[in-house]
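A short worksheet on the structure shown next.
Protein chains in written order, with the working numbering: chain A, 369 to 649; chain B, 51 to 343.
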């Protein structure tokens with residue numbers, strides 16, 4: 369019996385965090401080896417930025433205080449950054465975890481001594497890593513290929529940082545919660561993508577938010593994407609564009625509060641709905 | 051830690067889904083170091099039993115203890131002492147065999163060496179191949195490798211050799227013998243009765259949610275079930291005679307002076323005994339007669 373170890377009395381301290389970090393590496397590697405998710409969540413905003421920049425290159429999107437004409441690429445960059453948060457966070461997580469639920473991945477993990485919290489660290493880490501790479505790619509392409517002038521004011525980048533981190537975390541948490549919705553892994557795409565697509569259309573990602581009817585603007589304000597897009601606009605659009613916002617200002621306090629509320633809602637929903645496996649009755 | 055310590059103990063285990071009774075009062079013990087096979091047709095309650103013991107399902111009533119702990123309340127420390135090989139899963143498999151095993155090895159305090167485990171399941175040459183690109187049988191071997199990577203005290207093997215070719219099955223048997231020799235307690239379900247006979251010390255047969263027999267492989271079905279059969283062909287077809295004196299029956303046959311066609315004397319295998327047992331316990335269902343491979 370020499371080969372069978374005595375049962376450990378307790379685990380080494382810091383194990384949850386150590387396994388969480390190990391999960392991040394594992395998740396990121398698996399993510400980039402999955403061709404379809406790389407395209408539909410990672411490259412999608414870049415593809416759309418390119419299409420809009422080219423298709424609307426003749427169109428006017430207004431001028432800043434000094435008379436500089438805002439190009440399509442400049443106008444759509446914040447929108448695509450916001451869309452990236454939604455896709456890398458919410459859409460990716462919801463579809464990914466729904467798939468893991470039905471293909472047996474979660475069942476296997478649930479039978480192993482992996483803490484649920486380590487699993488979540490892995491998922492959030494994956495979203496953060498892929499989200500940062502996605503945003504960096506968008507910014508680089510916008511600046512180089514489409515000559516979008518990036519902000520130089522550090523205060524704007526600070527706003528970008530908190531909107532990004534808070535937004536991506538909120539979207540990831542909501543994605544984990546939404547993963548409970550599809551009944552099978554196969555139906556996950558069909559259930560989740562319409563939700564994210566509609567949100568993008570009503571929240572000022574594809575369509576100019578200031579041109580939507582008031583009632584639709586108010587409806588969209590219930591959801592976090594409208595606020596994230598607004599936060600991103602405050603970073604990348606000229607300051608005089610704030611007069612186009614619903615209350616004539618960037619309302620970053622509103623962005624912070626609305627996103628925080630959704631973060632809490634998401635965390636509560638995760639706590640209630642997440643299970644390694646569907647328990648039988 | 052005595053020799054007769056029960057690693058798994060189940061008393062009057064019941065599981066109902068609405069009005070359907072999946073498990074109807076099952077009781078058995080598995081001693082430390084023992085390999086116990088749970089046999090039975092599909093839908094008999096094998097997987098329900100094993101999943102209750104693994105902590106995946108809740109029981110409706112009865113007692114269950116696994117490594118001294120109620121599996122319903124098993125924590126991570128408890129899980130770290132188990133190895134679970136589930137029935138085949140369809141995971142996407144974007145990581146290589148080596149990456150997957152290294153990752154899971156990190157979950158355990160005293161895991162086995164990753165390369166040793168990969169060699170033990172015969173996947174050395176596939177070590178750097180993505181799991182999704184492996185054949186069904188090879189993926190199954192990864193499942194087995196993941197089940198033993200944590201050096202478990204108790205190993206659940208739920209139909210572990212499904213999709214194995216005969217050679218892979220033989221080497222799997224050798225692996226299980228090594229695990230046994232190291233003192234691992236094993237709960238095995240399988241549809242291959244020769245596998246159960248080769249590997250297990252004792253077996254329990256479940257049908258219709260009840261344990262209809264339990265004992266050592268030689269005892270299952272009782273002594274009567276092992277009475278030899280003399281079988282031969284004549285003009286009317288296959289003739290069979292169960293007898294304690296097969297020699298006398300053959301001598302009798304020879305008295306006619308004609309060599310009988312296809313003459314054989316067989317001792318019923320575990321499979322024969324099992325099929326008889328299951329058939330006797332489910333007269334209504336013809337389906338359950340099939341070993342359903």
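For glycine and all other residues, C-beta sits at the position ideal for the given N, C-alpha and C.
Give the DSSP-derived three-state secondary structure of residue i in the structure shown.
i, result
"residue 290/B", "strand"
"residue 285/B", "coil"
"residue 171/B", "coil"
"residue 515/A", "coil"
"residue 520/A", "coil"
"residue 67/B", "strand"
"residue 178/B", "coil"
"residue 382/A", "coil"
"residue 597/A", "helix"
"residue 263/B", "strand"
"residue 75/B", "strand"
"residue 416/A", "helix"
"residue 582/A", "helix"
"residue 111/B", "strand"
"residue 280/B", "strand"
Please report the distance separating the alpha-carbon of residue i from that of residue j.
i, j, result
"residue 267/B", "residue 469/A", "38 Å"
"residue 276/B", "residue 324/B", "11 Å"
"residue 587/A", "residue 113/B", "54 Å"
"residue 510/A", "residue 410/A", "16 Å"
"residue 492/A", "residue 382/A", "18 Å"
"residue 476/A", "residue 567/A", "34 Å"
"residue 531/A", "residue 614/A", "19 Å"
"residue 53/B", "residue 81/B", "Reliability fails at residue 53/B, whose pLDDT of 49 lies under 50, so the model's placement of it is uncertain and the value that follows must be treated cautiously. Distance between the alpha carbons of residue 53/B and residue 81/B: 8 Å."
"residue 571/A", "residue 597/A", "7 Å"
"residue 89/B", "residue 100/B", "11 Å"
"residue 631/A", "residue 580/A", "26 Å"
"residue 577/A", "residue 399/A", "32 Å"
"residue 165/B", "residue 59/B", "34 Å"
"residue 229/B", "residue 252/B", "16 Å"
"residue 118/B", "residue 555/A", "41 Å"
Can you list, in chain order, the residues of its chain whose CB lies under 6 Å from that of residue i, leaving out five sequence neighbours each side?
i, result
"residue 443/A", "429"
"residue 619/A", "none"
"residue 339/B", "For residue 339/B, the predicted model reports a pLDDT of 43, less than 50, meaning its position is unreliable; a value from the coordinates is still stated below. Only 329 meet the Cβ criterion."
"residue 124/B", "105"
"residue 486/A", "384, 387, 388, 391"
"residue 438/A", "429, 430"
"residue 457/A", "495, 536, 539, 540, 543"
Identify, in the order they occur along the chain, each residue of the same chain with its Cβ nearer than 8 Å to the Cβ of residue i, setting aside the five sequence neighbours on each side.
i, result
"residue 416/A", "444, 448, 451, 574"
"residue 137/B", "97, 208, 209, 212"
"residue 61/B", "77, 112, 113, 114"
"residue 56/B", "79, 80, 81, 82, 115"
"residue 534/A", "624, 627, 628, 631"
Going by C-alpha distance, which of the options is nearest residue i?
i, options, result
"residue 481/A", "543/A, 378/A, 634/A", "378/A"
"residue 94/B", "143/B, 260/B, 216/B, 140/B", "260/B"
"residue 207/B", "87/B, 304/B, 92/B", "87/B"
"residue 604/A", "580/A, 485/A, 523/A, 495/A", "523/A"
"residue 157/B", "128/B, 185/B, 179/B", "128/B"
"residue 622/A", "528/A, 599/A, 427/A", "599/A"
"residue 557/A", "437/A, 413/A, 459/A", "459/A"
"residue 85/B", "142/B, 180/B, 204/B", "204/B"
"residue 39/B", "150/B, 140/B, 66/B, 239/B", "Outside the shown range of chain B (51 to 343) lies residue 39/B, about which nothing can therefore be said."
"residue 582/A", "612/A, 562/A, 423/A, 559/A", "612/A"
Can you check whether the CB of residue j is closer than 7 Å to the CB of residue i?
i, j, result
"residue 199/B", "residue 162/B", "yes"
"residue 553/A", "residue 471/A", "yes"
"residue 454/A", "residue 593/A", "yes"
"residue 105/B", "residue 202/B", "no"
"residue 499/A", "residue 536/A", "yes"
"residue 171/B", "residue 194/B", "yes"
"residue 197/B", "residue 135/B", "yes"
"residue 514/A", "residue 425/A", "no"
"residue 241/B", "residue 394/A", "no"
"residue 678/A", "residue 467/A", "In the structure as shown, chain A begins at 369 and stops at 649. Residue 678/A is therefore absent and cannot be evaluated."
"residue 396/A", "residue 497/A", "yes"
"residue 186/B", "residue 143/B", "no"
"residue 462/A", "residue 560/A", "yes"
"residue 243/B", "residue 321/B", "yes"
Who are the near neighbours of residue i in its chain, counting only those whose CB is closer than 7 Å to its CB and skipping five residues on each side?
i, result
"residue 608/A", "432, 433"
"residue 121/B", "102, 103, 104, 105, 114"
"residue 641/A", "545, 548"
"residue 317/B", "276, 278"
"residue 507/A", "518"
"residue 427/A", "440"
May I ask whether a heavy atom of the ligand NAP can be found less than 6 Å away from the beta carbon of residue i?
i, result
"residue 615/A", "With respect to the ligand NAP, the structure shown offers nothing to examine, as it has no ligands at all."
With 7 Å as the C-beta to C-beta threshold (strictly closer), list the residues of the stretch 91-104 of chain B near chain E in chain order. Judged by its chain identifiers, the structure shown contains no chain E, and its protein chains are A and B.
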